[in-house]
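**Q** Pasting a structure below so you can have a look.
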Amino acid sequence: PAMCGPKRWRSLKLSQWPGAVVREMSHWNRRPECMEAEGVCMRDVRRVSVMYTFLGRLLALPEYLADVPVKQVDPDCLRARYTALAEAAGLPASVQPPTAPGDKVILFLPQPFATLFLTTEDEYAMYRRALSLLRDKGYRVWWKDHPREAESFVPRLQEDLGEDCVTPLRVRQQWPVECIVSGWDLAGVVSVSSTSLLYLHAFYGYPAYTAADQLELDRWLKRTDMELARLYLRHVPTLEQLPRA
């Protein structure tokens, strides 16, 4: 949302005007409070002459960018950057783990939400509900920990749901998943609001599903991430729309 300018003023309640006055004054002093607010400073939007985007084709652009010229980034160009990264880092060609005949595999991509955006218990509850649903629908789940995840939820999920409910991928946690799963046979990729969910869909054609519907939106600790979850719910199929294996 826009954090300043005439449109912002019209949307404010009278009780919010003092803070808005301080924010507007910050445009002309050395305290850029608009940059610290949860939103977009319209002064900065007016500086944008063109926007280059890849995700804009998959997620609707915000209203405040309606008058900004947009150039789409070519998927082949971006995919080639990941290939070059893998080659430069000397990553070996990643071989898909073995599966039993008839297995339908879902790749699950968790995100480091705990303590900052969700409580640890809420993050775990969201993943537990998602994996329970995937198990009930007949899927085998592979889990790739996020590079910034301090502690994996896999042991706790296996204790609660059974060891067969989820299998952690034996790869270095820091490797981007886009460099690992090219050419794999996946029935789909599941995450909450990870950009990798959209990249894997666009690069390799894997069906993408969001698990954001597995937790009430009012449980998010920051409005920005609540809005991000809502954005994915608008544009990405939910687990309820995932067909049975």
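So our numbering is basically just the index in the sequence shown, starting at one, shifted up by 33.
Don't be surprised by glycine CBs; every beta carbon is placed ideally from N, CA and C.
Predicted model only: the values in this text are computed from it and were never measured.
DSSP has Q207 in a bridge; who is on the other side?
**A** Counted from its first residue, the sequence shown places residue 207 at position 174. None; Q207 has no bridge partner.
**Q** Per DSSP, what kind of secondary structure is P143 in: helix, strand or coil?
**A** Residue mapping note: residue 143 aligns to position 110 of the sequence shown, counting from 1. Coil.
**Q** How is the beta strand (DSSP E) around G221 delimited, first residue to last?
**A** For the purposes of this step, residue 221 is taken as residue 188 along the sequence shown, with counting starting at 1. Note, G221: beta strand (DSSP E), 221-224.
**Q** So Y85 is in the beta strand (DSSP E); what residue range does that whole segment cover?
**A** Working through the sequence shown from its first residue, we reach residue 85 at position 52. Unbroken beta strand (DSSP E) run through Y85: 84-86.
**Q** Which partner residues does R173 have in the DSSP bridge list?
**A** Residue mapping note: residue 173 aligns to position 140 of the sequence shown, counting from 1. Note: R173 sits in a beta bridge opposite V138.
**Q** Within 10 Å of its beta-carbon, does E211 have 16 or more other beta-carbons around it, so buried, or fewer, so exposed?
**A** Translated into the one-based positions of the sequence shown, residue 211 becomes position 178. So E211 ends up on the buried side.
**Q** Counting beta carbon pairs with one atom in the region 126-145 and one in the region 95-115, are three or more of them shorter than 8 Å?
**A** Contact fails: fewer than three Cβ-Cβ distances are below 8 Å.
**Q** Just the Cα atoms here: how many angstroms apart are R256 and P134?
**A** In the sequence shown, the residue the question calls residue 256 occupies position 223. In the sequence shown, the residue the question calls residue 134 occupies position 101. Taking the straight line from one Cα to the other gives about 44 Å.
**Q** Could you please give the first and the last residue of the uninterrupted alpha helix (DSSP H) stretch that includes Y237?
**A** Along the sequence shown, one-based indexing puts residue 237 at 204. Note, Y237: alpha helix (DSSP H), 228-237.
**Q** With DSSP collapsed to three states, give me the class of V73.
**A** Counted from its first residue, the sequence shown places residue 73 at position 40. Looking at V73 - three-state DSSP - the assignment turns out to be strand.
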